[in-house]
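Here the sequence shown stands for residues 1 to 78, where the numbers follow the UniProt record's numbering. A virtual CB, placed ideally from N, CA and C, is assigned to each residue, including glycine. This one's a predicted model, so the numbers in the text were calculated from it and none came from an experiment.
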Amino acid sequence: MTFSEHLFYLRERRKLKQSDVADAIGITVRGYRNYERGTREPAMSTLIALADFYGISLDELVCRRREGEPSDGTGQEP
1 MTFSEHLFYL RERRKLKQSD VADAIGITVR GYRNYERGTR EPAMSTLIAL
51 ADFYGISLDE LVCRRREGEP SDGTGQEP
């Protein structure tokens with residue numbers, strides 16, 4: 001899943017509008033829309049605001065997992 005697809009998924013799963021997320025993190029709806037479309041990438045401060053808004057880590061937000069890392073994110077093998 002790409003970052004833009006993940007943003008869409010997170011928002012839709014919570015039944016939010018793009019304006020809800022944009023308002024909550026302090027950006028324009030147009031700016032947020034560009035992130036979901038994949039035409040722009042957010043600044044670090046915006047990534048942090050998005051991760052905080054959704055209650056997830058930055059790695060989780062950008063769909064990043066180290067090879068061999070279990071999906072629970074502990075870094076330890078089960």
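One thing to note: A43 has its Cβ no nearer than 7 Å to the Cβ of I25.
The continuous alpha helix (DSSP H) containing L10 extends over residues F3 to R13. By the neighbour-count criterion, in which a residue is buried when 16 or more other Cβ atoms sit within 10 angstroms of its Cβ, R11 is buried. DSSP places E60 in the uninterrupted alpha helix (DSSP H) bounded by L58 to L61. Close CB contacts of C63 within its chain, under the 8 Å cut and outside five residues either way in sequence, are with M1, T2, F3 and H6 (chain order).
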